[in-house]
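Keeping their order, the protein sequence lines are chains A and B.
Here the first sequence stands for residues 0 to 342, where the numbers follow numbering that gives the first Met the number 0.
Here the second sequence stands for residues 0 to 187, where the numbers follow numbering that gives the first Met the number 0.
The beta carbon of each residue, even a glycine, is placed where N, CA and C say it ideally should be.
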Amino acid sequence: MSASELTVERLLRAHAPHAPETLRERVLALESVPQRRNTPSRRLVLVALPAALAIAVLAAVVHGVVGSGSPRAVPGAKSFSSQTQGGVSVGSGGATVRSSVHASADSTQALTAPSVGAPARLQHTDASLQVRVGDVDALAAATSRATRIATSLGGYAQSVDYRTPNGGGGASYLELRVPAQNVKTAIAQLGALGTLVSQELSVTDLQQAFRTQSEQIAQLRRRVAALHAALAGVSLPEAQKVLLQIRLAESKRALAQRLNARKGTISAGTTAQISLVIGTEKAIAPVAHHQGRLGRMMHSAVGFLALEGIILLYALIVISPLALLAAAVWAWRRRSVERLLAA
Amino acid sequence: MTIGGPGAVSKDVNAALTSLDAAPLVGGRPAFAEIAASQLDAVYRYLVYLTGDRAAAEDLTAETFEKAFRTWRRFDPRRGSPRTWLCRIARSVAVDWFRAETRRRRREETYSRDVPLSEEFGDGLPGPLEDALRELSPAEREVVALRVLLELDGPSAARVLGISQTACSTRLSRALRRLEERMNDVRE
């Protein structure tokens with residue numbers, strides 16, 4: 000630094016301006032003004048951020064604990080889960096109840112069919128079972144035994160599809176019909192053909208549809224009887240007679256349709272449909288449930304955390320353009336300040 | 000106010016700065032009144048140099064301390080001295096004032112560079128130095144104020160200005176050289 004620069008600095012310091020007394024009084028009077036309590040924003044962020052993180056992890060753990068519950072399918076323990084879905088079944092208008100069970104791989108015992116629906120009502124039962132057997136010989140024997148079970152219970156095998164492609168494995172797909180009252184026995188016996196891998200049971204209530212169809216049939220019968228009486232009675236003009244005959248024909252046709260539909264409803268209500276898949280180990284992969292409660296809890300918690308991460312990622316994707324815009328505005332303002340003061 | 004010789008004033012200023020800047024940083028937080036009393040001149044000087052307008056500097060100083068008083072709880076002595084913190088607030092307040100001034104002058108169709116500053120920067124500063132200061136840009140004057148008058152160190156001044164230390168040093172050198180050249184011209 001040169002001597003003249005030092006002189007300049009010394010002069011500037013020596014003749015530095017001093018704040019007027021009025022300003023000093025004005026500033027020092029600020030102390031008497033009651034101060035509003037501000038929450039330090041930085042400290043708030045430092046607290047809020049870990050708190051949000053802790054809540055996210057806690058939510059995942061809670062979800063894991065709640066979601067893990069008891070194993071979904073351990074046939075040895077005879078446990079199953081079921082869910083009820085309100086709805087209208089196709090063609091009948093009844094409510095549907097579904098129950099599904101997945102058996103563990105080490106099970107050799109058959110499941111008893113769960114009691115769903117009310118036995119006194121007309122209901123259609125639709126069951127689906129997967130059974131695993133040891134080899135192709137056992138597959139053939141089990142397939143034959145399955146058809147015999149259906150027959151012995153008063154039912155029949157609607158279709159049998161037996162497949163043993165090259166490679167040692169094989170599977171047979173059977174569509175069985177058994178009387179509704181024997182469905183529970185049938186499921187139990189079919190499940191015992193090998194290792195039960197999965198079982199699904201769907202019960203559709205047909206009582207309402209049956210009642211509606213019966214009421215329509217009674218009404219149509221009354222109408223047909225009335226039309227017959229009208230035609231057999233007093234002599235009518237020819238044109239009116241033809242009109243009544245047309246109406247009678249239409250009513251009879253409608254009656255026949257309703258009777259047919261009710262027959263179908265009764266048939267569906269009295270016969271259960273069972274879809275059975277019997278396969279060797281290669282054909283049917285077991286549903287693995289090797290995880291313990293802790294494992295399931297961890298799996299559920301990690302899944303939940305992943306979901307939170309995805310939500311966070313989406314939020315960042317949405318926010319990032321705004322953040323870029325804010326950064327651009329900040330940079331522009333900074334440059335504008337530089338330009339302002341350089342003028 | 001009576002001002003002594005250059006050396007005496009400089010000595011007083013330095014002693015005051017040392018005592019005021021050092022004491023609050025040790026241990027707990029100082030009282031706001033203590034900071035206000037000790038830093039008032041510094042902030043006022045900075046704003047006089049930055050704006051070149053004593054009346055505006057007075058208002059802006061008051062506004063700075065009002066703002067500082069409102070946000071006093073946020074002040075963290077570990078992050079910087081009270082002087083640096085106040086200067087940053089003062090600069091933000093001054094920038095708003097500059098913007099308002101620019102808009103006002105635009106409305107009046109008068110540009111800032113066309114308006115010669117008539118205010119005095121120092122108390123009894125030699126005329127040529129006053130003229131030389133007037134010729135500097137606000138950005139140059141503020142770096143002179145921060146580094147020379149307020150004796151902020153390089154990093155603190157750079158933090159107040161929002162620029163790098165190198166840029167701060169370059170700006171200061173340029174400003175002092177211009178002042179020196181002007182003084183030399185007058186001497187010759």
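Would A/THR270 pass as a contact of A/ARG176 if the rule is Cβ separation under 8 Å? Contact flag set, yes.
Determine the contact status of A/ALA208 and A/THR124, defining contact as a CB-CB distance below 8 Å. No, they are not a contact pair.
If you measure from the beta carbon of B/SER136 to each beta carbon in chain A, is any gap under 8 Å? Yes, because at least one Cβ of chain A sits closer than 8 Å to the Cβ of B/SER136.
Mapping the DSSP letters down to three states, classify A/VAL233 as helix, strand or coil. DSSP places A/VAL233 in the coil class of the three-state scheme, outside both helix and strand.
Mind checking whether the beta-carbon of B/PHE68 lies closer than 7 Å to any heavy atom of the ligand PLP? You won't find the ligand PLP in this model; it holds no ligand whatsoever.
I want to verify the contact list: residues of chain A whose CB lies under 7 Å from the CB of B/THR50, in sequence order. Per Cβ cutoff of 7 Å: no residues; B/THR50 is ~10 Å from chain A at best.
Assuming B/VAL47 and B/PHE120 are in contact, meaning their beta carbons sit under 8 Å apart, how far apart are those beta carbons, in whole angstroms? Indeed they touch by this definition, with Cβ atoms about 6 Å apart.
Around the Cβ of B/GLU180, are there at least 16 other Cβ atoms within 10 angstroms (buried) or fewer (exposed)? Burial call: exposed.
Look up B/ALA22 in the DSSP assignment and say whether it is helix, strand or coil. With a pLDDT of 42 at B/ALA22, under the threshold of 50, the modelled position of that residue is not reliable, and the figure given next carries that caveat. Of the three classes helix, strand and coil, the one that applies to B/ALA22 here is helix, per DSSP.
Per DSSP, the bridge partner or partners of B/ALA54: Note: B/ALA54 sits in no beta bridge, so no partner.
Sorted by chain position, which residues of the same chain lie with C-beta nearer than 6 Å to A/ARG334's C-beta, five sequence neighbours on each side aside? So no residue of the chain qualifies.
Counting only C-beta atoms, is B/THR165 closer than 8 Å to chain A at any point? Not an interface residue.
Given 8 Å as the limit, is there contact between the segment 121 to 140 of chain A and the segment 212 to 229 of chain A, that is, 3 or more CB pairs closer than that? With the cut-off at 8 Å, the segment 121 to 140 of chain A and the segment 212 to 229 of chain A do not touch.
When you compare only the Cα positions, how much space is there between A/VAL60 and A/SER197? If I take the Cα positions, the gap works out to 29 Å.
Can you find a CB in chain B that lies within less than 8 Å of the CB of A/ALA15? Chain B contact via Cβ: present.
In this structure, does DSSP put A/ALA260 in helix, strand or coil? The DSSP-derived three-state label of A/ALA260 is helix.
Taking the alpha-carbon positions, what's the A/PRO320 to B/PHE97 distance? One C-alpha to the other measures close to 31 Å.
Is it right to say A/THR279 is buried, meaning 16 or more other beta carbons lie within 10 angstroms of its own, or is it exposed? So A/THR279 counts as buried.
Classification of A/GLY291 by the beta-carbon crowding that lies within 10 angstroms, buried from 16 upward: An exposed status is given to A/GLY291, since fewer than 16 other beta-carbon atoms sit within 10 Å of its beta-carbon.
List, in chain order, every chain B residue whose beta-carbon is nearer than 7 Å to that of A/ALA18. The contacting residues are LEU39, ASP40, TYR43, THR60.
Residues of chain A with a CB under 7 Å from the CB of B/VAL147: which are they? Those within 7 Å of B/VAL147 in chain A are GLU8, LEU11, ARG12.
Using the beta-carbon count (16 or more within 10 Å), is B/ARG170 buried or exposed? Buried, because 16 or more other Cβ atoms sit within 10 Å of the Cβ of B/ARG170.
What span of residues does the alpha helix (DSSP H) with A/ILE148 cover, start to end? For A/ILE148, the enclosing alpha helix (DSSP H) starts and ends at 135 to 151.
Considering only residues of the same chain and omitting the five flanking positions on each side of A/ARG42, which have a CB-CB separation below 7 Å? Here A/ARG42 has no same chain residue with a Cβ atom under 7 Å from its own Cβ, once five neighbours each way along the sequence are excluded.
Between the segment 142 to 152 of chain A and the segment 182 to 199 of chain A, do at least 3 Cβ pairs fall closer than 8 Å? Using a Cβ-Cβ distance cut-off of 8 Å, the segment 142 to 152 of chain A and the segment 182 to 199 of chain A are in contact, since at least three pairs of beta carbons, one from each stretch, lie closer than that value.
Pull up the CB-CB distance for B/THR83 and B/SER155, whole angstroms please, since I reckon it's below 8 Å. The beta-carbon separation of B/THR83 and B/SER155, rounded to 5 Å, stays under the 8 Å limit for a contact.
Contact check, B/VAL148 vs A/ARG12, beta carbons under 8 Å: Here residue 148 of chain B turns out to be Leu, not Val, going by the sequence shown. With respect to the 8 Å criterion, B/LEU148 and A/ARG12 are classified as neighbours on the basis of their beta carbons.
Taking only the alpha-carbon atoms, compute the straight-line gap between A/ALA58 and A/ILE316 and give it to the nearest angstrom. Going by the C-alpha atoms only, they are around 23 Å apart.
Contact check, B/THR63 vs B/ALA99, beta carbons under 8 Å: B/ALA99 is positioned such that its CB atom lies no closer than 8 Å to that of B/THR63.
If we count the other Cβ atoms within 10 Å of its Cβ and call it buried at 16 or more, is A/ILE318 buried or exposed? Under the 10 Å beta carbon count, A/ILE318 is surrounded by fewer than 16 other beta carbons and is classified as exposed.
Within a Cβ cutoff of 7 Å, which residues of the same chain sit near B/ARG44, ignoring the five residues on either side of it in sequence? So the list reads ALA144, LEU148, LEU149, once near-sequence residues are dropped.
For the putative contact between A/LEU128 and A/GLY169, defined by C-beta atoms under 8 Å, what is the C-beta separation to the nearest angstrom? Going by Cβ atoms, the distance from A/LEU128 to A/GLY169 rounds to 17 Å, so no, they are not a contact pair.
What did DSSP end up calling B/THR70 once you bin it into helix, strand or coil? Note: B/THR70 maps to coil in three-state DSSP.
Span separating the alpha-carbon of A/VAL233 from that of A/ASN259: Taking C-alpha positions only, A/VAL233 is separated from A/ASN259 by approximately 34 Å.
What residues of chain A sit near B/ALA98, judged by a beta carbon separation below 9 Å? Note that residue 98 of chain B is Arg in the sequence shown, not Ala. Within 9 Å Cβ-Cβ: SER335, VAL336, LEU339.
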